[in-house]
Amino acid sequence: MSIDPATYEFYQSQAPHFSLSTAVSHSRHLDAFLDRLRPGSDVLELGCGAGRDAARIAERGFDLDATDGIPALVAKANERHDIGARLMRFDQLDARQAYDAVWAHACLLHCPRAELPAVLERIFNALRPGGFHYASFKLGYGEGRDLLGRLHNFPEARWVRQTYRDTGFRQIDEEIFAGKGSDGTQRDWIAITVRRP
Numbered sequence: 012m013s014i015d016p017a018t019y020e021f022y023q024s025q026a027p028h029f030s031l032s033t034a035v036s037h038s039r040h041l042d043a044f045l046d047r048l049r050p051g052s053d054v055l056e057l058g059c060g061a062g063r064d065a066a067r068i069a070e071r072g073f074d075l076d077a078t079d080g081i082p083a084l085v086a087k088a089n090e091r092h093d094i095g096a097r098l099m100r101f102d103q104l105d106a107r108q109a110y111d112a113v114w115a116h117a118c119l120l121h122c123p124r125a126e127l128p129a130v131l132e133r134i135f136n137a138l139r140p141g142g143f144h145y146a147s148f149k150l151g152y153g154e155g156r157d158l159l160g161r162l163h164n165f166p167e168a169r170w171v172r173q174t175y176r177d178t179g180f181r182q183i184d185e186e187i188f189a190g191k192g193s194d195g196t197q198r199d200w201i202a203i204t205v206r207r208p
């Protein structure tokens with residue numbers, strides 16, 4: 012999987028902005044997700060960005076592996092939070108039953124729609140049996156770009172549910188909510204929590 016050039020360049024050039032604007036508070040879904048885990052669980056974060064959620068995961072005592080596919084964001088996350096973030100694209104995840112949880116807030120939405128099932132299979136394989144996975148997506152009716160030029164998969168909610176089921180996950184929780192993206196556009200999102208049986 013190659014990172015979409017326009018999306019890559021946006022985040023690479025805007026890393027200083029994201030390290031300031033997203034450092035205020037962690038995701039509102041994060042603590043409820045972490046509450047499902049045993050103390051000291053191994054947690055992989057995909058798309059850690061500037062590190063706000065990663066910092067909270069570490070603060071709560073979990074064994075964190077924070078990753079992002081954008082070098083400038085990895086640098087900013089480590090500069091701001093000293094979390095040991097490392098560079099890794101979604102398609103480079105090759106761990107086998109290494110994690111108790113995979114957190115992927117607002118990042119898999121940039122994965123090309125045709126490639127998302129293979130990425131979900133990698134996440135499934137990386138989880139230990141009984142492991143949890145969270146992801147959030149901007150909903151829509153097909154792949155496209157936002158007003159900032161970033162690629163989004165814009166799936167329908169039923170497509171998200173079915174794709175996770177087809178991968179072997181069991182759905183645990185879901186919330187559909189209105190949210191505003193970085194480009195200022197208001198749209199519905201889906202936050203989904205699943206588990207590897």
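Adding 11 to a residue's 1-based position in the sequence shown gives its number in the numbering used here. Even glycine gets a Cβ: it sits at the ideal position worked out from N, Cα and C. Source: prediction; values computed, not measured.
Ends of the alpha helix (DSSP H) at residue i?
i    : result
E70  : R63 to E70
E90  : P82 to H92
T174 : A168 to T178
Could you name the residues of the same chain whose beta carbon sits closer than 7 Å to that of residue i, not counting the 5 residues immediately before and after it, in chain order?
i    : result
W71  : Per the sequence shown, residue 71 should be read as Arg rather than Trp. Closer than 7 Å at Cβ, skipping near neighbours: L45.
D157 : H163, G192, D194 and T196
T178 : P128, L131, E132 and F135
D42  : none
T174 : L127, P128 and L131
A69  : L75 and I94
R172 : Q182
Might you give, ordered along the chain, the residues of its own chain that have their beta carbon closer than 8 Å to the beta carbon of residue i, omitting 5 neighbours on each side?
i    : result
T33  : Residue confidence is low: T33 scores 49 on pLDDT, short of 50, so the model does not pin down where it sits. No coordinate-derived value is stated.
A26  : A61, I81, A83, L84, A86 and K87
W200 : S147, F148, K149, L150, I187, F188, A189 and G190
Can you tell me which residues form a DSSP beta bridge with residue i?
i    : result
A114 : According to the sequence as given, residue 114 is Trp; it is not Ala. DSSP output for W114 lists E56 and Y145 as bridge partner(s).
D199 : A189
T204 : Y145 and D184
R97  : T78
H163 : G155
Start and end of the beta strand (DSSP E) containing residue i?
i    : result
L41  : Element bounds for L41: not the beta strand (DSSP E) but the alpha helix (DSSP H), L41 to L45.
E185 : R181 to K191
D74  : D74 to D79
In chain order, what residues of the same chain lie with their CB nearer than 6 Å to the CB of residue i, ignoring the 5 residues before and after it?
i    : result
R100 : G80
D76  : L55
Y145 : F44, W114 and T204
A117 : S147
| task | Entirely within the region 133-161 and at least 3 residues each: give me those beta strand (DSSP E) ranges in chain order. | result | DSSP runs (the beta strand (DSSP E)) wholly in the region 133-161: 138-149.
| Is the number of C-beta pairs between the region 104-112 and the region 136-149 that are closer than 8 Å three or more? | The way I'd put it, the region 104-112 does touch the region 136-149; three or more beta-carbon pairs between them come closer than 8 Å.
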